[in-house]
Structure formats: structure tokens, C-alpha cells
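Enquirer: Same order as they appear, the protein sequences are chains A and B. Just so you know, we're using the numbering used here here: the first sequence kicks off at 13 and counts up by one. Just so you know, we're using the numbering used here here: the second sequence kicks off at 13 and counts up by one.
Number of protein chains: 2
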Amino acid sequence: MNIGNVSNLSGLPVKTIRYYEDIGLVSPLRDSNGYRAFREKELHKLAFLGRARSLGFTIEDCRALLALYDDETRASADVKSIANEHLEQIETKISGLEAMRDTLSHLIHECAGDHRPDCPILKDLGAFKN
Amino acid sequence: MNIGNVSNLSGLPVKTIRYYEDIGLVSPLRDSNGYRAFREKELHKLAFLGRARSLGFTIEDCRALLALYDDETRASADVKSIANEHLEQIETKISGLEAMRDTLSHLIHECAGDHRPDCPILKDLGAFKN
DNA sequence: GATAGGGGTTCCAGTAAGTGGAGGGTCAAG
DNA sequence: CTTGACCCTCCACTTACTGGAACCCCTATC
Chain A
13 MNIGNVSNLS GLPVKTIRYY EDIGLVSPLR DSNGYRAFRE KELHKLAFLG RARSLGFTIE
73 DCRALLALYD DETRASADVK SIANEHLEQI ETKISGLEAM RDTLSHLIHE CAGDHRPDCP
133 ILKDLGAFKN
Chain B
13 MNIGNVSNLS GLPVKTIRYY EDIGLVSPLR DSNGYRAFRE KELHKLAFLG RARSLGFTIE
73 DCRALLALYD DETRASADVK SIANEHLEQI ETKISGLEAM RDTLSHLIHE CAGDHRPDCP
133 ILKDLGAFKN
């Protein structure tokens with residue numbers, strides 16, 4: 013299977029697939045013309061990667077997960093531990109963003125948003141917070 | 013005022029302050045020995061930047077906000093519009109992360125997390141989703 | 001006067017995860 | 001035989017810094 017085909021099936025851009033080969037996440041064979049020749053195995057791995065990335069796992073997480081995916085003797089605890097750590101990071105990120113959102117929406121609410129220069133948003137940003 | 017001093021007062025790392033000069037966000041004078049000499053004005057700008065960045069504004073947003081901050085004849089509507097757009101992006105990000113969190117925590121819940129290889133997390137990641 | 005420390009300076013390289021483009025080879029159809 | 005859709009490699013760029021090397025400046029101490 014050629015890269016364009018795999019791209020369609022996996023939903024990953026061609027460029028991304030080449031990049032994943034570059035960093036060693038997949039290792040397709042090559043045809044005599046130099047074209048990448050993907051097997052089912054690689055297609056599955058790429059779909060796996062796409063899904064894992066869409067859940068926000070880092071590439072290094074993906075690498076570890078893929079190794080576990082390949083390893084028939086894995087312990088599910090190892091997978092769960094990676095997922096749990098990632099979940100915590102997501103929750104931390106959400107909290108941070110929610111704090112930003114709350115502050116910002118409060119400031120926006122205060123701002124008249126007209127032709128006048130007075131602006132609580134700028135006033136807040138310009139104030140020292142210690 | 014030297015850079016270390018400004019760093020302490022603004023809370024920004026020295027490296028970051030130099031970087032902000034590099035990209036034209038602040039323009040401190042120079043002493044005869046080549047040291048940056050910051051005035052009150054720059055200190056305020058740097059504090060402004062730190063605060064704006066902590067609310068998640070991009071550097072380019074900060075550049076625009078700083079220009080409005082400097083402009084006594086600004087319209088608060090311009091500030092509000094930047095802030096509103098940013099707020100929307102934050103909300104989009106939060107939604108995305110919440111979706112990840114929900115999927116992931118569901119999968120984690122399903123996974124036994126023991127020595128056995130069976131793992132709903134890997135199973136889900138490996139499945140094609142169309 | 002030499003030296004040690006704690007400032008400061010510049011410039012180069014690297015981070016995460018791709019994306020865009022240049023320049024060029026390959027293949028099937030008309 | 002040419003056209004258009006593929007494919008290839010390699011390089012540069014993105015965001016917002018961060019780390020490090022190599023070097024200068026200032027003050028205090030031996």
C-alpha cells in the first residue's frame with residue numbers, strides 16, 4: 013500500500029506519516045522505485061498513533077504505548093499507569109485554562125468595549141500582582 | 013535598573029526578558045558598559061507581558077495589547093475584541109481537553125491494571141474509528 | 001596585583017510535533 | 001509523448017522560550 017492510501021485509511025496526513033517513520037514509530041518496507049510499501053501492521057500502528065495523539069498523548073507516550081501494544085506479554089498495569097499520568101496532566105491543563113477563562117471573562121464583562129480608551133482589561137494587565 | 017533586578021520585580025526570567033527585547037516587545041537603553049538599563053516604563057511593560065502571558069495570550073496578542081496599552085487614544089472595543097477572541101480559543105481548548113479526559117478516564121476505569129495483558133485502552137487505541 | 005564571586009553580554013542549538021515548499025523521479029492514461 | 005497525480009528527499013519554519021559556551025565587568029579579599 014502506498015502512502016497516500018495509508019493516509020486516507022488512517023486519517024493522518026502524508027507528511028505526518030513520513031515524520032513518524034523518521035522518528036522510528038513505523039518502519040514500512042520500500043518498493044523497488046523507492047516508494048514506501050505499508051503492510052497491514054503499519055496501517056494499524058498509524059491508526060493507533062492517530063487515535064492516541066487525538067487523546068493528547070505525547071509522541072514519547074505513543075512510543076511506549078506502541079511497544080506495549082506490540083508486546084503480547086505486557087501487563088495492563090503498565091498501560092494504565094501511562095494513561096493515568098496523562099489524565100492527570102490533562103486535568104491540570106483544564107484547571108489552568110479554567111482559571112484563565114474565569115479571570116478573562118470577568119475582565120471582558122467589566123469592559124465597556126466602546127470608543128473610549130478606559131479599559132479594565134488593560135488596567136488589570138498593567139497592575140503588579142504580588 | 014539592571015536585568016536581574018527587573019527580573020526579580022517582574023517575575024520574568026532573565027532569559028525571557030532578553031528574548032522579549034530581541035523580538036521588539038521592550039527596548040531598554042544601554043549603559044556605557046553594555047548592560048541593559050531599564051526604566052520604570054519597561055518594568056511596567058514586562059509586568060504587563062508576564063500577566064498577559066499567564067492569561068494565555070500569545071506573543072502576537074501581547075504585542076497588540078501592548079500597543080493599545082501605550083495608545084492613549086485607543087478604543088476599549090479593540091482590547092475587548094482581542095480578549096474575546098482569546099476567550100473563545102480558551103473555551104475551545106477546554107472542550108477538547110474535556111472530551112479527552114472523559115474518553116480517557118472511561119478507558120482507564122475499564123482497565124484492570126494488573127499483570128495480565130488484556131487491556132481495553134490498547135484495544136480502543138488499536139481500533140479503527142470511522 | 002591576582003583572584004574569586006556574582007553580575008552582565010552575545011551567539012548557537014534545542015525543544016514538540018509537525019507543516020510548507022523546492023526540486024525532482026514515477027506511473028498510468030490519453 | 002505529454003499531462004497530471006502520485007511519490008521521493010531535504011531544508012526551513014513554526015511557538016515561546018531554555019540551556020550552554022565563551023567572554024566581559026565590578027567589587028571584595030588575600
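Virtual Cβ for every residue (Gly too), placed ideally from N, Cα, C.
Whose Cβ in chain A lies nearer than 7 Å to the Cβ of S88 of chain B?
Expert: Those within 7 Å of S88 of chain B in chain A are C123, A124, G125, D126, R128, P129, D130, C131.
Enquirer: Provide the residue span of the alpha helix (DSSP H) that contains M112 of chain B, from first to last.
Expert: That run of the alpha helix (DSSP H) goes 88-122.
Enquirer: Beta-carbon of E84 of chain B versus every beta-carbon of chain A: anything under 8 Å?
Expert: Yes, E84 of chain B counts as interfacial toward chain A.
Enquirer: I'd like to check one pair, S19 of chain A with I29 of chain A: are the Cβ atoms closer than 8 Å?
Expert: Going by C-beta atoms, I29 of chain A is nearer than 8 Å to S19 of chain A.
Enquirer: Alpha carbons only, please: which of A:A89, A:A59, A:K53 is nearest the one belonging to G23 of chain A?
Expert: Nearest option by C-alpha distance: A:A59.
Enquirer: With a cut-off of 8 Å, does the C-beta of A49 of chain A fall near any C-beta of chain B?
Expert: For A49 of chain A, the answer is no, since every Cβ of chain B falls outside 8 Å of its Cβ.
Enquirer: Give me the chain B residues within the contact set of M112 of chain A, using Cβ-Cβ distance strictly less than 7 Å, ordered along the chain.
Expert: Residues of chain B passing the Cβ test: L67, G68, I102.
Enquirer: How would you call K53 of chain A, buried or exposed, if buried means at least 16 neighbouring beta carbons within 10 angstroms?
Expert: Answer is exposed; the Cβ neighbour count stays below 16.
Enquirer: Between A111 of chain B and G62 of chain A, what straight-line distance do the alpha-carbon atoms span, to the nearest angstrom?
Expert: So the two alpha carbons sit approximately 16 Å from each other.
Enquirer: By Cβ distance, which residues of its chain are closer than 8 Å to N142 of chain B, with the 5 residues on each side in sequence left out?
Expert: Caution applies to N142 of chain B, whose pLDDT of 48 falls short of 50 and renders its modelled position unreliable; the model cannot decide the point.
Enquirer: Would you mind sorting A95 of chain A into buried or exposed? The rule is 16 or more other CB atoms within 10 Å of its CB.
Expert: Its Cβ being crowded by 16 or more others within 10 Å, A95 of chain A is buried.
Enquirer: Note down the Cα distance separating K105 of chain A from D126 of chain B, rounded to an integer number of angstroms.
Expert: If I take the Cα positions, the gap works out to 28 Å.
Enquirer: Please classify L67 of chain A: does DSSP put it in a helix, a strand, or coil?
Expert: In this structure, L67 of chain A counts as coil in the three-state DSSP scheme.
Enquirer: What's the gap between the Cα of R113 of chain A and the Cα of E72 of chain A?
Expert: Roughly 30 Å separates the two Cα atoms.
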